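In numbering that gives the first Met the number 0, the protein residues as written are 0 to 121. Ideal Cβ positions, reconstructed from N, Cα and C, are used throughout, including at glycine. In this text, all values refer to a predicted model and were calculated from it rather than measured experimentally. What follows is a single structure, written as structure tokens, with notes after it.
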Amino acid sequence: MRALALFLLAVSLCGTAVQGAAAKKLVVFCVLPDEYRVLALQCMWRQTYREVHQLISTILLERQWNVKQFASGLCNPYEVFALRKYFKQKREKKLFGEAVTQTKACVGYIIKNYLHRAAAQE
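Here you go:
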């Protein structure tokens, strides 16, 4: 499940970066250490519907990725372009939109609660 969640987050972030509207969020996601990227994907996984989980599972199985590879792939422009083929139908685009929204919220939560707290303790 972790791998699937990470994959969805990565797909979500990459899709928004291609659109240009959320390029800043992608940069933030890609700058995060691997453990926080995985955390963000897990958070997104918990907040999305079963249909989103099925779509992510399909992508992970076809690409033979684990969660960490998926998170790295979302920061690679070539991989982002390749992942777009999974989101051609209207229903898939809607699911993708939900995943992106949840991923953005999760990245914001991680930055606010984990990174800022860690910086304040130093």
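Euclidean distance between Cα positions of residue i and residue j
i	j	result
Trp64	Lys87	21 Å
Val66	Val37	7 Å
Phe80	Ile110	27 Å
Leu59	Gln101	19 Å
Lys92	Ser56	16 Å
Val27	Arg62	24 Å
Gly96	Leu40	15 Å
Leu31	Val106	9 Å
Tyr77	Arg83	10 Å
Ala69	Ala98	Residue 69 is actually Phe in this sequence, not Ala. For Phe69 and Ala98, the distance between alpha carbons rounds to 14 Å.
Cys29	Asn75	9 Å
Residue i: first and last residue of the uninterrupted alpha helix (DSSP H) it sits in
i	result
Tyr108	89-109
Thr57	49-62
Ile67	Ile is not the amino acid found at residue 67; the sequence shown has Lys there. Segment 66-72, the alpha helix (DSSP H) holding Lys67.
Asn86	The question names Asn, but residue 86 in the sequence shown is Phe. First-last for Phe86: undefined, no H or E at that position.
Tyr35	33-46
Same chain, Cβ closer than 6 Å to residue i, neighbours up to 5 away in sequence not counted
i	result
Lys119	Per the sequence presented here, residue 119 reads as Ala, with Lys not at that position. The answer is none, since no qualifying residue turns up.
Tyr85	Ile58
Cys42	Cys105
Tyr35	Ile109
Gln46	Gln101
Per-residue burial, residue i [other beta carbons within 10 Å of its own, 16 or more giving buried]
i	result
Lys103	buried
8 Å CB neighbourhood of residue i in its chain, flanking five on each side removed
i	result
Ala20	The predicted position of Ala20 is uncertain, since its pLDDT is 41 and thus under 50; a value taken from the coordinates is nonetheless stated next. Within the same chain, Ala20 has no close Cβ partners at all.
Same chain only: Cβ atoms within 7 Å of residue i, ignoring 5 sequence neighbours per side
i	result
Asp33	Lys67, Ala70
How do the region 44-56 and the region 108-120 stand: do at least 3 beta-carbon pairs fall below 8 Å, yes or no?
By the Cβ rule, the region 44-56 does not count as touching the region 108-120, because fewer than three pairs are nearer than 8 Å.
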